[in-house]
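Beneath this line is the structure, given in C-alpha cells, with notes to follow.
In the working numbering, the protein residues as written are 717 to 1043.
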C-alpha cells in the first residue's frame, strides 16, 4: 500500500556515477528491466537482448538473446522470472529458461500491427497489457498459453505509455492524440471499460500511477509535470497542480516514469534531464534533483528499491550505473 509515514524523514540524496561499471555499448539501447532481486539486468540493444549479471556492484555480460526486431519494451516477471519483450515488428515474445539456464522463446504473441511501445503486467502476473503504434491497447491473459482477451481502440493516434494502479483495477494510457484514457476493470464482466478521457493541450509520453488516487503526467517539451487527483464525488480524475521540472526539447519515446514507494521518489525523464521528485507528506511532489545529459536521447530504468539507476544515452554510448546515496 502506498502511504506516507509522517515519522519517515528523508535526507538530501544523490545518484553517484559508478564509473568503473560503465560499459561501452555502441548500439542503441531503448529498454531496460531488472529482475526481482536486481541480480540480472536485461537490456534491449537494437535487435538483441543482453543479459548482465549485477552482483556486488559488478557488471558482467551473461548471455545475448536474438530478438525478432528492435526491442522497444522489456518486462522482467517477478514470480516466474520469465522475460517479456516487445519489438518494432509488432510482436511480443515470452522468454523462459531451460534446465541448462539458457533462454528460449516460449511463446510469440501476435495481434498488434505496428511497433510495441510499452508492456506492463499486473501484480499477479496473469495479465500482460501492451500498447502500440497501431493506436490500440491489448490485454493478454494466461490460459494454457497467453491469449488476447480484449482490445481497447479509443485512442486515435499511437499509444505511448501505460500504468496500472495499486489496487490493479484502474489503468491509464497516454497517446499522441493528446488525451489520457482512464480505464476500470469491471468486477462483473472482468472486462476493462473506458471511464474517462482527459483531453490535453499537448501530447505526452510518460505517466505513472501513485497509489490509487493520484497519477503524474509529463507533457512534451514542457517544464512542468501535471499531478492528477481522484475525486470521489465525481468519480473522475482532475488536474490538481503543475510541478516545476527541468526540461528541454524531447524527441524520443520510451523510458517510462517510475515511482519508488520506499523512497517516495518519482523518476521522470524530460528532454536532456532525468528529474527526481520527492513525494511530500501532503501528497504533492517537489523536484529534488535533475541529472543533465548532453542529449535528449536518454533511456534507462531504476531497480525496484531505487538504489540503482541505469542509463544509456546517445552522447556517451555507454551503460552507466548510478547508486543512490544520502548526503
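Think of the CB as a built atom: it goes at the ideal place given N, C-alpha and C, for glycine as much as any other residue. Just so you know, these numbers come straight off a predicted model, no measurement behind them.
Residues that DSSP places opposite residue i in a beta bridge
i: residue 813; result: 819
i: residue 875; result: 891
i: residue 860; result: Partner(s): none; residue 860 has no beta bridge.
i: residue 1017; result: 1026
i: residue 848; result: 832
i: residue 1009; result: Per DSSP, none; premise fails for residue 1009.
i: residue 988; result: In the DSSP output, where bridge partners are listed per residue, residue 988 has none listed.
i: residue 993; result: 982 and 1003
Local conformation of residue i per DSSP, three classes
i: residue 881; result: coil
i: residue 841; result: coil
i: residue 730; result: strand
i: residue 979; result: helix
i: residue 1042; result: strand
i: residue 958; result: strand
i: residue 1032; result: coil
i: residue 743; result: coil
i: residue 951; result: coil
i: residue 973; result: coil
i: residue 737; result: helix
i: residue 1054; result: In the structure displayed, the chain extends from 717 to 1043; residue 1054 sits before or after that span and is not available.
Whole-angstrom distance between residue j and residue i, CA atom to CA atom
i: residue 1024; j: residue 774; result: 12 Å
i: residue 814; j: residue 820; result: 7 Å
i: residue 825; j: residue 945; result: 35 Å
i: residue 855; j: residue 1043; result: 43 Å
i: residue 803; j: residue 956; result: 36 Å
i: residue 1033; j: residue 742; result: 5 Å
i: residue 1015; j: residue 920; result: 16 Å
i: residue 881; j: residue 859; result: 24 Å
i: residue 659; j: residue 898; result: Residue 659 cannot be examined here, being either before or after the span of the chain that is shown, 717 to 1043.
i: residue 784; j: residue 1013; result: 23 Å
i: residue 1037; j: residue 731; result: 9 Å
i: residue 719; j: residue 985; result: Low confidence applies to residue 719: its pLDDT is 46, below 50, so where it sits in the model is not reliable enough to give any reading.
i: residue 817; j: residue 1018; result: 25 Å
i: residue 993; j: residue 793; result: 26 Å
i: residue 864; j: residue 832; result: 15 Å
i: residue 837; j: residue 845; result: 6 Å
i: residue 939; j: residue 1011; result: 17 Å
i: residue 736; j: residue 1035; result: 11 Å
i: residue 757; j: residue 781; result: 13 Å
i: residue 801; j: residue 762; result: 12 Å
i: residue 951; j: residue 866; result: 24 Å
i: residue 883; j: residue 839; result: 9 Å
i: residue 991; j: residue 929; result: 22 Å
i: residue 987; j: residue 1005; result: 15 Å
i: residue 698; j: residue 738; result: Absent from the model: residue 698. The displayed extent of the chain is 717 to 1043, so no value can be given.
i: residue 935; j: residue 751; result: 30 Å
i: residue 1059; j: residue 772; result: The first residue shown for the chain is 717 and the last is 1043, placing residue 1059 beyond what the model contains.
i: residue 954; j: residue 1028; result: 34 Å
i: residue 746; j: residue 799; result: 16 Å
i: residue 968; j: residue 933; result: 16 Å
i: residue 1002; j: residue 822; result: 43 Å
i: residue 996; j: residue 901; result: 30 Å
Contact belief for residue i with residue j at Cβ below 8 Å, rounded distance in angstroms
i: residue 726; j: residue 1026; result: Actually they are not in contact, since the Cβ atoms of residue 726 and residue 1026 sit about 22 Å apart, beyond 8 Å.
i: residue 848; j: residue 810; result: That pair is no contact at about 17 Å.
i: residue 918; j: residue 942; result: About 10 Å separates the two Cβ atoms, so there is no contact after all.
i: residue 971; j: residue 926; result: That pair is no contact at about 18 Å.
i: residue 873; j: residue 893; result: 4 Å
i: residue 896; j: residue 916; result: 7 Å
i: residue 962; j: residue 937; result: That pair is no contact at about 12 Å.
i: residue 770; j: residue 754; result: 6 Å
i: residue 843; j: residue 857; result: 6 Å
i: residue 923; j: residue 888; result: 6 Å
i: residue 790; j: residue 808; result: Actually they do not touch by this definition, with Cβ atoms about 11 Å apart.
i: residue 973; j: residue 1021; result: Contact flag wrong, Cβ pair sits at about 17 Å.
i: residue 795; j: residue 841; result: 5 Å
i: residue 777; j: residue 786; result: Between residue 786 and residue 777 the Cβ distance is about 19 Å, and since that is not below 8 Å, they are no contact.
i: residue 828; j: residue 852; result: 7 Å
i: residue 734; j: residue 1039; result: 6 Å
Any C-beta of chain B under 9 Å from that of residue i
i: residue 1022; result: In the structure shown, chain B cannot be found, because there is only a single protein chain.
Task: Complete runs of the beta strand (DSSP E) confined to the segment 751-832 [at least 3 residues] - done: Those beta strand (DSSP E) runs which fall completely within the segment 751-832 and span 3+ residues are 756-761, 764-771, 774-782, 787-792, 799-803, 808-813 and 819-825.
- [ ] Any chance you could list the beta strand (DSSP E) runs of at least 3 consecutive residues sitting entirely within the segment 883-942, in chain order?
- [x] 886-891, 895-901, 908-915, 920-926 and 930-935, all fully within the segment 883-942.
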